[in-house]
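S.K.: Same order as they appear, the protein sequences are chains V and U. This note's numbering numbers the first residue of the first sequence as 1 and each following residue consecutively. This note's numbering numbers the first residue of the second sequence as 107 and each following residue consecutively. Where is the CB? At the ideal position from N, CA and C, for every residue including glycine. Can you keep this structure in mind? I'll have questions shortly.
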Amino acid sequence: MASALINVPKRAKPGEIIEIKTLMSHVMETGYRRTATGEIIPRDIITSFACRYNGEEIFRADLFPATAANPFISFFTVATESGKFDFEWIGDNGFSETAAASIIVE
Amino acid sequence: MHKHDHSTRRQFLGLAGGAAMLGAVPAVTLRSAEATPVMLAAAIRNVVGGAVVRTGKVKLDVPPLVENGNTVPMTVSVASPMTADDHVKSIHVFNEKNPQPNIGNFHLGPRSGRAQVSTRIRLADTQKIVAIAQLSDGSFWSANVDVVVTLAACTEEVL
């Protein structure tokens with residue numbers, strides 16, 4: 001159900017600064033909305049996002065209800081070596097999703 | 107003993123106040139449950155402690171006029187060489203009038219290469235957005251932007 005879209009350059013030169021774009025499908029229910037009958041819709045958000053580059057964490061974000069639905073996050077990193085990016089989203093109600101992308105640096 | 111505990115307990119209550127309020131308030135006055143400038147100040151103090159926050163270095167890009175507060179593009183960038191000795195450690199974004207003062211915390215490092223983060227946020231009202239960056243030398247820098255929102259997010263009813 002949940003799915004991730006990742007945009008990482010396939011190739012980069014050593015030392016090149018590359019942009020990584022991520023999108024995770026998620027309702028990001030704020031916990032502040034009510035139904036027509038006045039009941040509060042419980043909070044259901046992604047609270048944490050992290051990116052590891054060959055095992056080392058290079059970026060992390062704490063998210064709040066103020067993040068729009070289907071959280072889009074983009075950031076930068078220095079391409080140091082060929083390998084793998086691992087992405088992880090963690091949220092309410094046991095939400096946990098991962099994704100990966102590889103890069104060739106030469 | 108009790109006296110000694112008092113100040114830390116008060117600080118804790120101050121920080122927890124926002125969360126506690128959100129738990130207690132909705133039954134009666136959900137719509138007034140918005141972050142106040144006091145909560146904004148508390149959230150900022152929670153991050154910077156007693157440090158001086160200077161204006162500059164940080165660039166906060168948010169459209170000045172937003173039609174739909176449910177998804178507002180935001181980019182924060184910080185002027186920094188992003189070297190091991192001089193880099194941005196974290197970027198914190200706050201708001202004045204959403205139900206909660208926090209928008210996001212972003213943790214960077216020298217491996218980031220460029221201190222820039224983009225995301226999409228929700229804005230419940232016309233308000234001020236504040237971005238604060240912590241540099242590796244421990245200093246804090248900030249930028250403010252005022253955003254006019256014509257259709258608010260977060261607290262509208264679902265039919």
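Could you check whether the stretch 87-102 of chain V touches the stretch 238-257 of chain U, counting it as contact only if at least three pairs of C-beta atoms, one from each stretch, sit closer than 8 Å?
M.R.: Because the criterion of three Cβ pairs below 8 Å is not met, the stretch 87-102 of chain V and the stretch 238-257 of chain U do not touch.
S.K.: Could you name the residues of the same chain whose beta carbon sits closer than 6 Å to that of residue 6 (chain V), not counting the 5 residues immediately before and after it, in chain order?
M.R.: Here residue 6 (chain V) corresponds to residue number 6 of the first sequence, with the count starting at 1. Only 22, 99 and 101 meet the Cβ criterion.
S.K.: Which residues in chain V have a C-beta closer than 8 Å to the C-beta of residue 232 (chain U)? List them in chain order.
M.R.: Position 126 of the second sequence, counting from 1, holds the residue named residue 232 (chain U). Going along chain V, no residue has its Cβ under 8 Å from residue 232 (chain U), so there is no contact; the nearest lies around 15 Å.
S.K.: Below 6 Å CB to CB, which residues in the same chain sit around residue 59 (chain V) once its five sequence neighbours on both sides are set aside?
M.R.: Start at 1 with the first residue of the first sequence, and residue 59 (chain V) comes out as number 59. Around residue 59 (chain V): 51 and 75.
S.K.: Taking all protein chains shown into account, do 16 or more other C-beta atoms lie within 10 angstroms of the C-beta of residue 14 (chain V), making it buried, or fewer, making it exposed?
M.R.: Against the first sequence, residue 14 (chain V) aligns to sequence position 14. Exposed, since its Cβ has fewer than 16 Cβ neighbours within 10 Å.
S.K.: Determine the extent of the beta strand (DSSP E) in which residue 289 (chain U) is found, giving its start and end residues.
M.R.: Limits of chain U in this structure are 107 at one end and 265 at the other, which puts residue 289 (chain U) out of reach.
S.K.: Residue 14 (chain V) versus chain U: which residues are under 8 Å apart at the beta carbon?
M.R.: Sequence index remark: in the first sequence, residue 14 (chain V) carries index 14 (1-based). Ordered by position in chain U, no residue passes the 8 Å Cβ test against residue 14 (chain V), which lies about 12 Å from the chain.
S.K.: Under the three-state reduction of DSSP, which class applies to residue 251 (chain U): helix, strand or coil?
M.R.: Within the second sequence, residue 251 (chain U) is the residue found at index 145, counting from 1. Strand.
S.K.: Taking C-alpha atoms, which residue in U:193, U:216, U:208 and U:249 lies nearest to residue 167 (chain U)?
M.R.: Here residue 167 (chain U) is taken as the residue at index 61 of the second sequence, counted from 1. Cα-wise, what sits closest to residue 167 (chain U) is U:249.
S.K.: Looking only at its own chain, which residues have a Cβ that is under 7 Å from the Cβ of residue 190 (chain U), when we skip the five neighbours before and after it?
M.R.: One-based indexing of the second sequence puts residue 190 (chain U) at position 84. Closer than 7 Å at the Cβ level, and outside the excluded window around residue 190 (chain U), lie 216.
S.K.: In angstroms, rounded to a whole number, what distance separates the CA positions of residue 219 (chain U) and residue 93 (chain V)?
M.R.: Residue 219 (chain U) sits at position 113 when you count from the first residue of the second sequence. Residue 93 (chain V) sits at position 93 when you count from the first residue of the first sequence. So the two alpha carbons sit approximately 34 Å from each other.
S.K.: Report back the beta-carbon spacing between residue 45 (chain V) and residue 24 (chain V) to the nearest angstrom; my notes put them in contact at under 8 Å.
M.R.: Mapped onto the first sequence, residue 45 (chain V) falls at position 45. Mapped onto the first sequence, residue 24 (chain V) falls at position 24. 11 Å between Cβ atoms; not a contact.
S.K.: Name the DSSP bridge partner or partners of residue 171 (chain U)?
M.R.: Sequence index remark: in the second sequence, residue 171 (chain U) carries index 65 (1-based). Per DSSP, U:254.
S.K.: I'd like to confirm the pairing. Which residues does DSSP put opposite residue 154 (chain U) in its beta bridges?
M.R.: Numbered from its first residue, the second sequence carries residue 154 (chain U) at position 48. According to DSSP, residue 154 (chain U) bridges with nothing at all.
S.K.: I'd like to know whether the C-beta of residue 5 (chain V) is nearer than 9 Å to at least one C-beta of chain U.
M.R.: Here residue 5 (chain V) corresponds to residue number 5 of the first sequence, with the count starting at 1. No, residue 5 (chain V) does not count as interfacial toward chain U.
S.K.: For residue 255 (chain U), which residues of its own chain have a beta-carbon under 7 Å away from its beta-carbon, when the five flanking residues on both sides are left out?
M.R.: Within the second sequence, numbered from 1, the residue matching residue 255 (chain U) stands at position 149. Taken in chain order, the residues that qualify are 172, 175, 229, 231 and 232.
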